[in-house]
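In the UniProt record's numbering, the protein residues as written are 1 to 94.
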């Protein structure tokens, strides 16, 4: 099992435009092979920083999702709204 940390810097003025896109991404991911769960966290000491922690059965399934055209299309629209592109970090359990 792996975890993906997805970091975004979201300004308050862009939040209304971003939320429908993020919800669309969430709706699309449910049922994707290998997807287990995710949660969204807001950083307390840095307003606007959002972390999504996503769990996957394996790196294989994560890469499949990451490379999918449906994810890329929505993610490109999300990144257009952000000052800094979305950052991804992949972690494995020891």
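Note that the Cβ used here is the ideal one computed from N, Cα and C, for glycine as well.
Membership of residue 71 in any beta strand (DSSP E) is not indicated; the residue belongs instead to the alpha helix (DSSP H) covering 69-80. Around the Cβ of residue 46, a 10 Å sphere holds fewer than 16 other Cβ atoms; the residue is exposed. In the three-state reduction of the DSSP assignment, residue 46 falls in the coil class, being assigned neither a helical nor a strand state. Ranking 56, 71, 66, 48 by CA distance to the CA of residue 7 puts 48 first. Assigned with DSSP and collapsed to three states, residue 40 falls in strand. Under DSSP, residue 55 forms a beta bridge with 3, 37. If the five residues before and after residue 33 are omitted, its C-beta is found closer than 6 Å to the C-beta atoms of 61, all from its own chain and listed in chain order.
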